[in-house]
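A.B. asks: Chains as they are written, first to last, in my numbering: chain A, 1 to 112; chain B, 113 to 226. Every residue, glycine too, gets a C-beta built ideally from N, C-alpha and C. Below: one structure in structure tokens.
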């Protein structure tokens, strides 16, 4: 069966520090991968999605970037965090022919 | 511009009664709709979905209804249980078999009172 791992679960970082969140998927190959953010009291906003290695699409301009160095690995990064980057970050995967996406447990990021 | 809207941020229902969560969309290209359930500090979990070729899909206590002409869908939970208390997200996709991303609503917090 397929599983998705996302870490860390919580993170407190100072303004201006770098960020690296990692997500890996097991039990499937060539998944579509996604990074979402849920800001406090708001819905899920798509940040990036990827249909293959080194193929990244950005949905909103921001202080973040994403990379997919391996088929089942998706990384969310920032060189310098802003206070507004605080939120709940979710990684998800979807099979090419499957309609629904499956989410990781999420990372609570607090920028102080 | 929000393409998927959940206008009720919260809903309280008595245990055993019906919970009805609503969702409206504006993009007529959406052809696949999903409901997710989310507990605090956890990722959303898939609940139920419906394709635009149907107007109803049922799975146990959960039923999703789709009204394409009104661009409206709803999730019915009968009977509601305290464990159903969570945030429910409506999502839509323009192509069920592609890499197209899901567009989510802002969520509705359901509280089922014992």
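Using a Cβ-Cβ distance cut-off of 8 Å, determine whether residue 108/A contacts chain B.
C.D. replies: Residue 108/A counts as touching chain B.
A.B. asks: Does any residue of chain A have a CB that is nearer than 8 Å to the CB of residue 219/B?
C.D. replies: By this cut-off, residue 219/B is an interface position.
A.B. asks: To the nearest angstrom, how far is the alpha carbon of residue 183/B from that of residue 14/A?
C.D. replies: Going from the Cα of residue 183/B to the Cα of residue 14/A covers about 44 Å.
A.B. asks: As a quick exercise: from 156/B, 114/B, 121/B, pick the residue whose alpha carbon is nearest that of residue 134/B.
C.D. replies: Residue 134/B has its Cα closest to that of 121/B, out of 156/B, 114/B, 121/B.
A.B. asks: With a threshold of 6 Å on Cβ separation, who are the neighbours of residue 72/A within its own chain once the five nearest residues in sequence on each side are excluded?
C.D. replies: 24, 25.
A.B. asks: Short check: CB of residue 46/A to CB of residue 59/A, under 8 Å?
C.D. replies: Yes, the pair counts as a contact, with Cβ atoms nearer than the cut-off.
A.B. asks: Would you decide whether residue 114/A is buried or exposed? Buried here means 16 or more other CB atoms lie within 10 Å of its CB.
C.D. replies: A question about residue 114/A goes unanswered here, because the residues of chain A that appear run from 1 up to 112.
A.B. asks: Which residues in the same chain have their Cβ closer than 6 Å to the Cβ of residue 103/A, if we skip the five residues on either side of it in sequence?
C.D. replies: Counting only Cβ-Cβ distances below 6 Å, and skipping sequence neighbours, we find 90, 92.
A.B. asks: Can you tell which of 187/B, 152/B, 167/B has the C-alpha that lies nearest to the C-alpha of residue 130/B?
C.D. replies: Cα-wise, what sits closest to residue 130/B is 187/B.
A.B. asks: Taking the alpha-carbon positions, what's the residue 38/A to residue 44/A distance?
C.D. replies: Approximately 5 Å, taken between the alpha carbons.
A.B. asks: Under 9 Å between beta-carbons, which chain B residues line up against residue 90/A? List them in chain order, please.
C.D. replies: Correct list: 155, 156.
A.B. asks: Could you check which residue in 222/B, 199/B, 225/B has the C-alpha nearest to that of residue 150/B?
C.D. replies: Closest by alpha carbon: 199/B.
A.B. asks: Give the secondary structure of residue 192/B by DSSP, where H, G and I count as helix, E and B as strand, and everything else as coil.
C.D. replies: Correct three-state label for residue 192/B: coil.
A.B. asks: Just list the residues that DSSP pairs residue 56/A with in beta bridges.
C.D. replies: Beta-bridge pairing links residue 56/A to 50/A.
A.B. asks: Using a C-beta cutoff of 8 Å, does residue 144/B count as contacting chain A?
C.D. replies: Closer than 8 Å to some Cβ of chain A, the Cβ of residue 144/B qualifies, so yes.
A.B. asks: Within its chain, find whatever has a CB closer than 7 Å to the CB of residue 131/A; leave out the 5 residues flanking it on each side and keep chain order.
C.D. replies: The structure shown does not extend to residue 131/A, since chain A spans only 1 to 112, so no value can be given for it.
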